[in-house]
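Peer 1: Residue numbers (the working numbering): 10 to 318.
Before anything else, here's the structure in question.
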């Protein structure tokens, strides 16, 4: 049997953005849940900014391809000092070690004291091969975890849409400056941030290929401010719904607003043909109790693995 030859190369910008996006769509049916990124997350990393940033990733993303140009692996960060592997499962035995080594060389950052370097990977608990490989290379499992939840849109009834008195549910007007700033304000308030702006949301809405205004829901207080927001993405090729973000303003919690928006979004995704819906969350107990109550009963847990060297 002729040995398969895999070549690695640097990321070239917008053309490769689309190539990676298609790779994520094509590998979804042949990989476990949350093994590779979903398209909304890939688009958001590039486009949830004041301007689209295909070029910022040139020295942070690396590709592995067969001799005929078939993409089989991608390494990239999301934040500072982290690395993510997108892999075709048929080729991981050939390239995974090289991908991790590339991340260690190119994506590691200095520790706070400046004396060492560190790099992190998020690994699902089901992925025994990667956990063993990282342990062999000196990584340690940290307490920081994340959960991917899945809801099958089967025969079970979906929750009813009930909006609390004093609020109205509506769709976002993505190019309306008031609405764009409203999304930024609620993201900042809900997640205790300060950096979101209306301009970055407007860019994402205009440029992200999977953005659909008919899947972007808000609960609006009668005074006109946004009280809750849920965004939904539909991966039509895989009939998969993705929920991101999920947020309620601290001043408007415990009114069932997120539940109402989730119910409406699930009905819309089902009408489009989705067979399953996914939502990623951390390990906060109230959030996970909410998702379970809505019907996200299948959970996949992962942890951050860190190496300091």
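Even for Gly, the Cβ is constructed at its ideal location relative to N, Cα and C.
Counting beta carbon pairs with one atom in the segment 151-163 and one in the segment 289-297, are three or more of them shorter than 8 Å?
Peer 2: Verdict: yes, contact present.
Peer 1: Can you check the segment 249-289 for any beta strand (DSSP E) of at least 3 residues that lies completely inside it and give the ranges in chain order?
Peer 2: Runs of the beta strand (DSSP E) inside the segment 249-289: 249-257.
Peer 1: Assuming contact is defined by CB atoms lying nearer than 8 Å, are residue 31 and residue 317 in contact in what I supplied?
Peer 2: Not a contact, by the Cβ cut-off of 8 Å.
Peer 1: Between 121, 109, 127, 69, which has its C-alpha nearest residue 141's C-alpha?
Peer 2: For the residues 121, 109, 127, 69, the minimum Cα distance to residue 141 belongs to 109.
Peer 1: Quick check on residue 273: buried or exposed, where buried means 16 or more other Cβ atoms within 10 Å of its Cβ?
Peer 2: Per the 10 Å Cβ criterion, buried.
Peer 1: For residue 14, count neighbouring Cβ atoms within 10 angstroms of its own Cβ and tell me buried if that reaches 16, exposed if not.
Peer 2: By the 10 Å Cβ count, residue 14 comes out exposed.
Peer 1: Using the C-alpha atoms, what's the distance from residue 168 back to residue 322?
Peer 2: The structure shown has nothing for residue 322, since the chain only spans 10 to 318.
Peer 1: Using only CA atoms, which one of 196, 305, 179 lies nearest to residue 257?
Peer 2: Comparing Cα positions, the closest option is 196.
Peer 1: Nearest by alpha-carbon distance to residue 70: which of 303, 76, 235, 95 is it?
Peer 2: Considering only alpha carbons, the answer is 95.
Peer 1: In whole angstroms, what separates the C-alpha of residue 231 from that of residue 202?
Peer 2: Between residue 231 and residue 202, the C-alpha separation is close to 25 Å.
Peer 1: Determine whether the beta carbon atoms of residue 128 and residue 144 lie at a separation below 8 Å.
Peer 2: Taking 8 Å as the Cβ cut-off, residue 128 and residue 144 do not qualify as a contacting pair.
Peer 1: Once DSSP output is grouped into helix, strand and coil, what is the label at residue 46?
Peer 2: Coil.
Peer 1: Looking at the unbroken beta strand (DSSP E) that takes in residue 176, where does it start and where does it end?
Peer 2: First-last of the beta strand (DSSP E) with residue 176: 176-180.
Peer 1: Exposed or buried, residue 119, counting other C-beta atoms within 10 Å across all chains shown (16 or more means buried)?
Peer 2: Its Cβ having fewer than 16 others within 10 Å, residue 119 is exposed.
Peer 1: At the level of alpha carbons, what is the spacing between residue 89 and residue 190?
Peer 2: Cα to Cα, the separation comes out at about 26 Å.
Peer 1: Suppose you measure from the CA of residue 17 to the CA of residue 186; what does that come to, to the nearest Å?
Peer 2: So the two alpha carbons sit approximately 43 Å from each other.
Peer 1: Sorted by chain position, which residues of the same chain lie with C-beta nearer than 7 Å to residue 281's C-beta, five sequence neighbours on each side aside?
Peer 2: Once the five neighbours on either side are set aside, the close Cβ partners of residue 281 are 243.
Peer 1: Three-state secondary structure (DSSP) at residue 35?
Peer 2: Looking at residue 35 - three-state DSSP - the assignment turns out to be helix.
Peer 1: By a C-beta neighbour count over all protein chains shown, 10 Å radius and 16 as the cutoff for buried, is residue 174 buried or exposed?
Peer 2: Classification for residue 174: exposed.
Peer 1: Have a look at residue 171 and residue 305 and give me their C-alpha separation to the nearest angstrom.
Peer 2: Computed Cα separation, rounded: 19 Å.
Peer 1: Smallest Cα separation from residue 178: which of 42, 218, 234?
Peer 2: With distances taken between Cα atoms, residue 178 lies closest to 234.
Peer 1: With DSSP run on the structure shown, which of helix, strand or coil describes residue 312?
Peer 2: Correct three-state label for residue 312: strand.
Peer 1: Can you check which of these residues, 29, 40, 53, is closest to residue 219 by C-alpha distance?
Peer 2: Nearest of 29, 40, 53 to residue 219, Cα basis: 53.
Peer 1: Measuring alpha carbon to alpha carbon, tell me which residue in 212, 268, 131, 241 is nearest residue 297.
Peer 2: Here the closest residue by C-alpha is 268.
Peer 1: Is the beta carbon of residue 84 closer than 8 Å to that of residue 75?
Peer 2: No. Outside cutoff.
Peer 1: Assuming residue 56 and residue 151 make a contact with CB atoms under 8 Å, what is their CB distance in whole Å?
Peer 2: With a Cβ gap of about 29 Å, residue 56 and residue 151 do not count as contacting.
Peer 1: Need the endpoints of the beta strand (DSSP E) that residue 95 sits in, please.
Peer 2: Its beta strand (DSSP E) spans residues 91-96.
Peer 1: Is residue 100 near residue 247, with beta carbons less than 8 Å apart?
Peer 2: No, they are not a contact pair.
Peer 1: Could you work out which residue in 265, 207, 222 is closest to residue 228 when comparing CA atoms only?
Peer 2: Of the candidates 265, 207, 222, the one whose C-alpha sits nearest the C-alpha of residue 228 is 265.
Peer 1: Around the Cβ of residue 263, are there at least 16 other Cβ atoms within 10 angstroms (buried) or fewer (exposed)?
Peer 2: Label assigned to residue 263: exposed.
Peer 1: Whose CA, out of 147, 303, 176, lies closest to the CA of residue 261?
Peer 2: Cα-wise, what sits closest to residue 261 is 176.
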